[in-house]
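The structure appears below as structure tokens.
Numbering (our numbering), first residue to last: 313 to 446.
Shown next, in the form of structure tokens:
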């Protein structure tokens with residue numbers, strides 16, 4: 313059975329835009345924080361930096377996201393595809409028990425010293441595979 317990674321976030325007073333909802337670019341940084349939290353214990357993490365890079369991002373803004381003082385929101389993340397050198401992650405930022413933002417991110421395993429993509433190790437495949445949706 314696959315796991316869903318859940319990461320709690322706190323919106324900031326500076327996140328809303330002139331229309332009163334959370335700015336789209338600010339929301340993407342919150343989802344990035346959740347991806348980094350999910351990768352913290354992944355094999356291939358160099359220092360505190362995951363050995364993956366973002367290759368593609370597809371975002372659906374499903375409903376407005378509002379700043380409410382003290383409210384903590386959840387970002388749910390899981391893997392939808394495991395490839396040889398990359399994997400796809402789905403994330404949902406949830407408010408009021410509904411997904412406000414949904415995104416698919418393609419992440420590529422990367423060797424920073426050679427500046428090229430690299431195959432996923434068995435250990436990495438096992439780590440990311442536990443989040444693979446069945």
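Even for Gly, the Cβ is constructed at its ideal location relative to N, Cα and C.
In whole angstroms, what separates the C-alpha of residue i from that of residue j?
{"i": "residue 399", "j": "residue 419", "result": "5 Å"}
{"i": "residue 444", "j": "residue 408", "result": "26 Å"}
On a Cα-Cα basis, can you pick out the residue from the options that is closest to residue i?
{"i": "residue 424", "options": "365, 354, 336 and 434", "result": "365"}
{"i": "residue 373", "options": "344, 410 and 414", "result": "414"}
{"i": "residue 441", "options": "422, 395, 416 and 426", "result": "395"}
Going by DSSP in three states, residue i sits in which element: helix, strand or coil?
{"i": "residue 401", "result": "strand"}
{"i": "residue 354", "result": "coil"}
Exposed or buried, what is residue i when buried is set at 16 or more other beta-carbons lying within 10 Å of its beta-carbon?
{"i": "residue 314", "result": "exposed"}
{"i": "residue 319", "result": "buried"}
{"i": "residue 390", "result": "buried"}
{"i": "residue 387", "result": "buried"}
query = Would you call the segment 325-337 and the segment 383-395 touching, i.e. three or more CB-CB distances under 8 Å?
reply = no
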